[in-house]
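Undergrad: Quick note on the working numbering: the sequence shown kicks off at 11 and runs consecutively.
Each residue gets a CB set at the ideal place from its N, CA and C atoms; glycine is no exception.
Every value quoted in this text rests on a predicted model; they were computed, and no experiment measured them.
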Amino acid sequence: MEQKLDMPGRRVVVQCCLCRRVATDNGKWGLSNPAFPDPSVVYSHGYCPECFARVCAEMALDMVGAERPVAQAMAVHA
Numbered sequence: 011m012e013q014k015l016d017m018p019g020r021r022v023v024v025q026c027c028l029c030r031r032v033a034t035d036n037g038k039w040g041l042s043n044p045a046f047p048d049p050s051v052v053y054s055h056g057y058c059p060e061c062f063a064r065v066c067a068e069m070a071l072d073m074v075g076a077e078r079p080v081a082q083a084m085a086v087h088a
């Protein structure tokens, strides 16, 4: 179900919650420019395709009881 936001003068931009890249109008993902924030932009968070694939792969490993690479790296530094 798609919800429309009634925010005149504002636009919603999807930002990856992991790598912080943003979805562009042409379907590509790129870096935003936080040095010059746009007050008309409202961010909605999700996953870019690359991070989504990585998260899905890690979840699949969790389901079979395998250690995730991220969990292994964190255990080394603990």
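1. Do we get a CB-CB distance below 7 Å when we pair P18 with the residues of chain C?
2. Based on the DSSP secondary-structure assignment, which residues constitute the bridge partners of C26?
3. Measuring CB to CB, does C26 end up less than 7 Å from C61?
4. Tell me whether F62 counts as near the ligand FMN, meaning its Cβ is closer than 6 Å to at least one heavy atom of that ligand.
5. With 16 other CB atoms within 10 Å as the buried threshold, where does G19 fall?
6. A45 by DSSP, collapsed to three states: which one?
7. According to DSSP, is R21 part of a helix, a strand, or is it coil?
TA: Let's see:
1. The chain labelled as chain C is not found in the depicted structure, where only one protein chain is given.
2. G56
3. yes
4. Among the components of this structure there are no ligands whatsoever, and the ligand FMN is therefore not found.
5. exposed
6. coil
7. strand
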